[in-house]
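A.B. asks: Heads up: the sequence shown is residues 659 to 948, going by this note's numbering.
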Amino acid sequence: MREQQQPLMSRFASGCAAVGLIAGISVSGLPAGAQAPTYCEPDVGSPENLKTLKHGLLEGYLAPESVPDSLKLLPAHPMKGSIEYDLDVANAESTFPLQGGPRWDVAAIDANLNFPEAAAIYSCTLGVPITKEGTPRLYTLLRRTLTDAGLATYKAKNNYQRPRPFMVNGQPICTPDEETMLRSDGSYPSGHTAAGWAWALVLSELAPERRDAILARGIEYGKSRYICNVHWLSDVQASQIIASGTVAQLQNDPVFRADLRAARAEVQAMRRQGLPPNGDCDLERRVFQP
């Protein structure tokens, strides 16, 4: 094994040395205060033989001990009689007029985290199609970060088993086929929102020129969960904390970083080809840019 690995490692070391040499030569031409790139690591991304977990989730990047502990990090959800609970109720009631309208339709689309459909959620904002065939590394990146961020909410979710809004207010939800399942799955914090906000953070890093638009779509994704009447406002806010912590941990993973670099290159290639997004951009324009 050592004999087989040595040439590869030697080439890697030579490559790093070459990068360092090139960087050193070009430093004199950099503006004052600028720094040449200093990192060099193997560009080895996700393997093809990733495990498929329950509910079709793909194996995440993070080991269980690296995932933020939502039960330790989050306070208990707002209790009836508190100001925070009253705010949750008032916020939920304020969304009732949106039922059956275009924003309700966006919320229903956002609720579907099954792939390939879920890959298109940020397609319009990113400005390119996101598919397994056209952007395979980005597609895998989204699937794996969904698992890391979504599952990070479950220690608190399982512990508190908070009733969802529709179980309290009796109003419809935007995904009626999921009502039975949702009744047994705690509301606090929101696993969907954790995934959606994690995606927004990762994609804004991948395409910084569209940072604000991507983050704004991430905020709207969280709103979709209470517009759908399946989460309280405080569920959404708590999940964004867990998502942020998860993405921070992902930055330590070299495989994630390699996938991120490759995904960035895929997006740039899609842009050069001028291919249209594969989301419902007409609907999003009507809702988010009236």
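Even for Gly, the Cβ is constructed at its ideal location relative to N, Cα and C.
For T798, does the three-state DSSP call read helix, strand or coil?
C.D. replies: In the structure shown, T798 sits in a helix (DSSP, three-state: H, G or I).
A.B. asks: Is there a Cβ of chain B sitting closer than 8 Å to that of D917, yes or no?
C.D. replies: Here chain B cannot be found, since the structure has a single protein chain.
A.B. asks: Three Cβ pairs or more, each shorter than 8 Å: is that satisfied between the segment 841–852 and the segment 879–887?
C.D. replies: They touch, by the three-pair rule.
A.B. asks: May I have the straight-line CA-CA distance separating H735 from Q931, to the nearest angstrom?
C.D. replies: So the two alpha carbons sit approximately 47 Å from each other.
A.B. asks: Looking at the secondary structure, which residues open and close the alpha helix (DSSP H) in which N817 lies?
C.D. replies: N817 -> alpha helix (DSSP H) spans Y812 to Y818.
A.B. asks: Could you work out which residue in V894, P912 and Y797 is closest to D746 when comparing CA atoms only?
C.D. replies: Closest option to D746, Cα to Cα, is V894.
A.B. asks: Helix, strand or coil for L1006? Go by DSSP, reduced to three states.
C.D. replies: Residue 1006 cannot be examined here, being either before or after the span of the chain that is shown, 659 to 948.
A.B. asks: In terms of residues, what are the limits of the alpha helix (DSSP H) holding P744?
C.D. replies: First, the residue type needs correcting, since residue 744 is Asp and not Pro in the sequence shown. Segment I741 to S752, the alpha helix (DSSP H) holding D744.
A.B. asks: Under three-state DSSP, which class holds T710?
C.D. replies: Of the three classes helix, strand and coil, the one that applies to T710 here is strand, per DSSP.
A.B. asks: Start and end of the alpha helix (DSSP H) containing F824?
C.D. replies: Element bounds for F824: P823 to N827.
A.B. asks: Once the 5 residues before and after F754 are set aside, which same chain residues still bring their CB inside 7 Å of it?
C.D. replies: Counting only Cβ-Cβ distances below 7 Å, and skipping sequence neighbours, we find Q829.
A.B. asks: How about the segment 778–788 and the segment 830–844: do they share at least three Cβ pairs that are nearer than 8 Å?
C.D. replies: With a cut-off of 8 Å, the segment 830–844 and the segment 778–788 do not count as touching, because too few Cβ pairs lie within range.
A.B. asks: Mind reading off the beta-carbon distance from K813 to S902? Whole number of angstroms is fine, and I expect it under 8 Å.
C.D. replies: About 17 Å separates the two Cβ atoms, so there is no contact after all.
A.B. asks: Apply the 10 Å Cβ neighbour rule to T710 and answer buried if 16 or more other Cβ atoms are within range, or exposed otherwise.
C.D. replies: T710 is exposed by the Cβ-count criterion.
A.B. asks: Of the choices I788, E699, F824 and T798, whose alpha-carbon is the least far from that of Q757?
C.D. replies: The candidate whose alpha carbon is nearest that of Q757 is F824.
A.B. asks: Please state whether the Cβ-Cβ distance between Q657 and W857 is less than 8 Å.
C.D. replies: Any property of residue 657 remains undetermined from this structure, which presents the chain solely from 659 to 948.
A.B. asks: Quick one: Cα of Q819 to Cα of R875, how far?
C.D. replies: Q819 and R875: Cα-Cα distance of roughly 28 Å.
A.B. asks: Evaluate R943 with the Cβ neighbour count: other Cβ atoms within 10 Å of its Cβ, from every protein chain shown; 16 or more gives buried, anything less gives exposed.
C.D. replies: Exposed, by the Cβ-count rule.
A.B. asks: Run through the DSSP bridge pairs and tell me what L716 is partnered with.
C.D. replies: Partner(s): T710.
A.B. asks: When the Cα atoms are used, what is the spatial distance from A921 to R802?
C.D. replies: Their Cα atoms are separated by approximately 13 Å.
A.B. asks: Is M737 helix, strand or coil by DSSP?
C.D. replies: Here M737 sits in coil by DSSP.
A.B. asks: Using the rule of at least 16 other Cβ atoms within 10 Å of the residue's Cβ for burial, across every protein chain shown, is G739 buried or exposed?
C.D. replies: Flag for G739 reads exposed.
A.B. asks: According to DSSP, is E699 helix, strand or coil?
C.D. replies: In the structure shown, E699 sits in coil (DSSP, three-state: anything other than H, G, I, E or B).
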